[in-house]
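Undergrad:
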Amino acid sequence: MNTAHEASASVLHERRGGVLTIALDRPAQKSAVDHEVAARLASVSDRLDADPELSVAVLTGAGGVFSHPPPDRRPTPRSSDQP
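Per the numbering used here: the sequence shown = residues 1 to 83.
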């Protein structure tokens with residue numbers, strides 16, 4: 001992603017017209033969101049709120065990975081989900 005702005009090495013953002021594209025750049029962690037990334041996302045979203053020229057944000061993952069929950073946060077199967 002060719003970024004015009006960078007919130008951190010793990011949260012990149014770029015503005016094109018009225019669109020703000022936000023990319024999670026943590027492919028080794030499968031772009032999982034931890035507390036630090038969540039805080040950086042909140043900071044970038046403040047920019048979206050503050051700029052009346054921005055009308056939409058797109059959240060994506062860099063490196064071919066969008067998101068995957070960490071092992072301790074994965075949903076557990078319910079008995080009704082079992083074959």
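The C-beta atom is built at its ideal place from N, Cα and C for all residues, glycine as well.
Start and end of the beta strand (DSSP E) containing Leu12?
TA: Residues Val11 to Arg16.
Undergrad: How is the alpha helix (DSSP H) around Val44 delimited, first residue to last?
TA: Here the alpha helix (DSSP H) through Val44 covers His35 to Ala50.
Undergrad: Looking at the strands, I want to know which residues DSSP matches up with Leu24.
TA: BP columns for Leu24 point to Val11 and Gly61.
Undergrad: Leaving out five residues before and five after Pro27 in sequence, what residues of the same chain have Cβ atoms less than 8 Å from its Cβ?
TA: Excluding residues within five positions, the ones whose Cβ falls inside 8 Å are Gly61, Ala62, Gly63, Gly64 and Val65.
Undergrad: Alpha carbon to alpha carbon, what distance is there between Arg15 and Asp51?
TA: Their Cα atoms are separated by approximately 11 Å.
Undergrad: Could you tell me the alpha carbon to alpha carbon distance between Leu59 and Ala23, rounded to whole angstroms?
TA: So the alpha carbons of these two residues sit roughly 6 Å apart.
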